[in-house]
Ligand SMILES: Cc1ncc(COP(=O)(O)O)c(C=O)c1O
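Numbering (my numbering), first residue to last: 1 to 460.
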């Protein structure tokens, strides 16, 4: 089981200004919440700080969406489109519509009906808008769910390893230990999942849910096939386990065939809490995400309502409500594309597909089979998403990243950041989302030089 705190990285300060011994100090981090200073919380700051220190470096680290498609004028248009929708389609009077956009608002959000339509159109998911909470990014959705599920000290969360560091950090903040479940080439090792559930229960613990990304996971890039999704749902039913399905990258598939159904689309037993993000499919700056939580919860008065209502109760004490202006921008974009994000993202999908293919081909050219030691450098070939994992013949840590940025001008993410323990990891994550093919070429040349140097350094 994972211990809290510790870890491989210098955890504090998280990329901020170092405090000198002579400076007066009012608070000690040791007296604050134990999550503060934990590597899971400092990881993102550390990576940002490295890229700020080396602004000229090519970044194959950031999982941000491609900025060339950002359009300020479209933001205004989306806002207007949603405003017209309120008046023309929903029959709001102008002052009502103005209030809805500019005043404090409904905790569960104001674009839930459009999200429900989007899920029906793109994913074949049938959901009542009342089962949706619109959140400040998917990150808040994860936090609300974990906060609600963590009822006592024996509760634990299972998560497919390697996993998104934002999930691990959110779990730390609510004192919920994360138990890794093996991912492997199928995306989730079901035998290991069953074994971890049993092990936790035998130890007197209560596994509350298993978090996973069935589509083009961050960071592994691995996807789960449809038959395995069905087996996972069966197992979740047998073990009485909730599944937290996070799906920010599912639309960005390389091949033109049909996408596998989401777990939520296959979920007939309300086993799946579905986490959504508009950061990659509309605009990260809007900071809008959502959670579908249709599980029925009996309240203390015996009345039954959706889990979404409990999450909204927490939200009302965290962010009150998600900015209606930001929601309106998302709503307008949805309306302009018949609520289909598939339709809204054709340009984006082809750019990410082009980049992913370019990166994989570039790796193959730089590390050809049979070349000296080439077998020692391997990489994944994901069917979509933003991320490729490169395995190298030496451990990859933050010191190597720093050297890579300083001496070779290329940034990437050590895979160690996505594991919740301190074992050395011989792999790094490359992201294709925020770069051009030309930048990929430069970045890969520099990465190849780093790998050559590092191998020589270790050999000599
Ligand atoms: C797997 C995963 N979940 C959630 C998020 C956070 O999404 P949001 O920006 O909507 O908070 C990210 C962001 O990169 C992610 O990769």
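For every residue, glycine included, the Cβ atom is placed at its ideal position computed from N, Cα and C.
Please list, in chain order, all residues of the same chain as residue 248 whose beta carbon is under 6 angstroms from its beta carbon, the five residues on each side excluded.
Residue numbering aside, residue 248 sits at position 248 when the chain shown is read from its first letter. Closer than 6 angstroms at Cβ, skipping near neighbours: 277, 280.
So, helix, strand or coil for residue 9, using DSSP?
By one-based count along the chain shown, residue 9 stands at place 9. A caution first: residue 9 carries a pLDDT of 45, below 50, which makes its placement in the model too unreliable to give a value.
Return yes when the C-beta of residue 118 is under 7 angstroms from any heavy atom of ligand 1, and no when it is not.
The residue given as residue 118 occupies position 118 in the chain shown. No - ligand 1 has no heavy atom lying nearer than 7 angstroms to the Cβ of residue 118.
Using only the alpha-carbon positions, how far apart do residue 415 and residue 37 sit?
To locate residue 415, count along the chain shown from 1; it is residue 415. To locate residue 37, count along the chain shown from 1; it is residue 37. Near 19 angstroms, if we compare the C-alpha coordinates of residue 37 and residue 415.
Whose C-beta lies closer than 7 angstroms to the C-beta of residue 251 among residues of the same chain, with five residues either side of it excluded?
Within the chain shown, numbered from 1, the residue matching residue 251 stands at position 251. If we look at residue 251 and ignore the five residues flanking it on each side, its Cβ neighbours are 281, 341, 342, 345, 349.
Quick check on the DSSP output: the alpha helix (DSSP H) that includes residue 39 runs from which residue to which?
Position 39 of the chain shown, counted from the start, is the residue given in the question as residue 39. Unbroken alpha helix (DSSP H) run through residue 39: 39 to 53.
Can you determine whether any heavy atom of ligand 1 sits closer than 7 angstroms to the C-beta of residue 246, and answer yes or no?
The residue labelled residue 246 in the question sits at position 246 within the chain shown. It does: the Cβ of residue 246 is within 7 angstroms (strictly closer) of some heavy atom of ligand 1.
Taking 7 angstroms as the limit between beta carbons, can you name the residues of its chain near residue 351, skipping five residues before and five after?
Residue 351 sits at position 351 when you count from the first residue of the chain shown. 66.
What are the uninterrupted segments assigned as alpha helix (DSSP H) that are 4 or more residues long and contained completely in the stretch 149 to 223, given in chain order?
165 to 173, 190 to 202
By DSSP's criteria, residue 246 is part of a beta bridge. Which residues make up the other side?
Start at 1 with the first residue of the chain shown, and residue 246 comes out as number 246. According to DSSP, residue 246 bridges with 275.
Flag residue 139 as yes when its Cβ comes closer than 7 angstroms to any non-hydrogen atom of ligand 1, and as no otherwise.
For the purposes of this step, residue 139 is taken as residue 139 along the chain shown, with counting starting at 1. Yes, since a heavy atom of ligand 1 falls inside the 7 angstroms radius drawn around the Cβ of residue 139.
So residue 395 is in the alpha helix (DSSP H); what residue range does that whole segment cover?
Along the chain shown, one-based indexing puts residue 395 at 395. Neither: residue 395 is in no alpha helix (DSSP H) and is coded neither H nor E.
Do you know how far the Cα of residue 60 is from the Cα of residue 118?
Taking the first residue of the chain shown as position 1, residue 118 is located at position 118. Taking the first residue of the chain shown as position 1, residue 60 is located at position 60. Looking at the two C-alpha atoms, the distance is approximately 31 angstroms.
Within 8 angstroms, strictly: CB atoms of residue 211 and residue 149:
As a first step, residue 211 must be located in the chain shown, where it is residue number 211. As a first step, residue 149 must be located in the chain shown, where it is residue number 149. The answer is no: Cβ separation not under 8 angstroms.
Suppose contacts are defined by Cβ-Cβ distances below 8 angstroms. Is residue 263 in contact with residue 214 by that definition?
To locate residue 263, count along the chain shown from 1; it is residue 263. To locate residue 214, count along the chain shown from 1; it is residue 214. Their beta carbons are under 8 angstroms apart, which means residue 263 touches residue 214 by this criterion.
Can you tell me which of the three DSSP states residue 29 falls into?
Reading the chain shown from its first residue, position 29 is the one you call residue 29. Correct three-state label for residue 29: helix.
At the level of alpha carbons, what is the spacing between residue 420 and residue 153?
As a working note, residue 420 is residue 420 in the chain shown. As a working note, residue 153 is residue 153 in the chain shown. Computed Cα separation, rounded: 19 angstroms.
If you run the structure through DSSP and keep just helix, strand and coil, what is residue 307?
On the chain shown, residue 307 is found 307 positions in, with the first residue counted as 1. Of the three classes helix, strand and coil, the one that applies to residue 307 here is helix, per DSSP.
In terms of residue numbering, what span does the alpha helix (DSSP H) encompassing residue 361 cover?
Mapped onto the chain shown, residue 361 falls at position 361. It spans 346 to 366 - the alpha helix (DSSP H) in which residue 361 sits, taken as one unbroken run.
What's the C-alpha gap between residue 190 and residue 156?
Numbered from its first residue, the chain shown carries residue 190 at position 190. Numbered from its first residue, the chain shown carries residue 156 at position 156. Straight-line measurement puts the Cα of residue 156 at about 18 angstroms from the Cα of residue 190.
Does any heavy atom of ligand 1 sit closer than 7 angstroms to the C-beta of residue 209?
Position 209 of the chain shown holds residue 209. No - ligand 1 has no heavy atom lying nearer than 7 angstroms to the Cβ of residue 209.
In the DSSP assignment, the alpha helix (DSSP H) including residue 452 goes from what residue to what residue?
Here residue 452 refers to the residue found at position 452 of the chain shown. Counting along the chain, the alpha helix (DSSP H) containing residue 452 begins and ends at 437 to 459.
In whole angstroms, give me the CA-to-CA distance for residue 188 and residue 235.
Sequence index remark: in the chain shown, residue 188 carries index 188 (1-based). Sequence index remark: in the chain shown, residue 235 carries index 235 (1-based). Going from the Cα of residue 188 to the Cα of residue 235 covers about 12 angstroms.
In angstroms, rounded to a whole number, what distance separates the CA positions of residue 361 and residue 385?
Residue mapping note: residue 361 aligns to position 361 of the chain shown, counting from 1. Residue mapping note: residue 385 aligns to position 385 of the chain shown, counting from 1. Roughly 16 angstroms separates the two Cα atoms.
Excluding sequence positions up to five away, which residues of its chain have a Cβ less than 7 angstroms from the Cβ of residue 287?
Indexing the chain shown from 1 puts residue 287 at position 287. 136, 137, 326.
Round the Cβ separation of residue 488 and residue 63 to the nearest angstrom and send it over; I've been treating them as touching at under 8 angstroms.
Past the edges of the chain, shown from 1 to 460, lies residue 488, and the structure says nothing about it.
From residue 97 to residue 261, what does the alpha carbon distance come to, in whole angstroms?
For the purposes of this step, residue 97 is identified with residue 97 of the chain shown, where counting begins at 1. For the purposes of this step, residue 261 is identified with residue 261 of the chain shown, where counting begins at 1. Rounded to whole angstroms, residue 97 to residue 261 spans 36 angstroms at the Cα level.
Give me, in chain order, the residues of the same chain whose beta-carbon lies closer than 7 angstroms to that of residue 347; leave out the 5 immediate sequence neighbours on both sides.
Here residue 347 corresponds to residue number 347 of the chain shown, with the count starting at 1. Same-chain partners within the cutoff: 69.
Per DSSP, cross-strand counterpart(s) of residue 332
Sequence index remark: in the chain shown, residue 332 carries index 332 (1-based). Residue 332 is not bridged to any residue.
If you draw a straight line from the C-alpha of residue 26 to the C-alpha of residue 109, how long is it?
For the purposes of this step, residue 26 is taken as the residue at position 26 of the chain shown. For the purposes of this step, residue 109 is taken as the residue at position 109 of the chain shown. Roughly 39 angstroms between the two C-alpha positions.
Do you know offhand how far residue 317's Cα is from residue 90's?
Translated into the one-based positions of the chain shown, residue 317 becomes position 317. Translated into the one-based positions of the chain shown, residue 90 becomes position 90. Cα atoms of residue 317 and residue 90: separation of roughly 29 angstroms, rounded to the nearest angstrom.
What I want to know is whether the C-beta of residue 218 ends up closer than 7 angstroms to one or more non-hydrogen atoms of ligand 1.
The count along the chain shown starts at 1 and reaches residue 218 at position 218. Yes, ligand 1 has a heavy atom inside 7 angstroms of this Cβ.
Top-ranked residue by Cα proximity to residue 457, from 100, 411, 104, 393:
Counted from its first residue, the chain shown places residue 457 at position 457. Here the closest residue by C-alpha is 393.
For the alpha helix (DSSP H) that residue 121 lies in, which residues bound it at each end?
Taking the first residue of the chain shown as 1, we reach residue 121 at position 121. Membership of residue 121 in the alpha helix (DSSP H) is indicated by the continuous run 112 to 123.
Quick one: is the Cβ of residue 313 within less than 7 angstroms of any heavy atom of ligand 1?
By one-based count along the chain shown, residue 313 stands at place 313. Answer for residue 313: no, Cβ out of range of ligand 1.
First through last residue of the alpha helix (DSSP H) which encompasses residue 77
Taking the first residue of the chain shown as 1, we reach residue 77 at position 77. Note, residue 77: alpha helix (DSSP H), 72 to 84.
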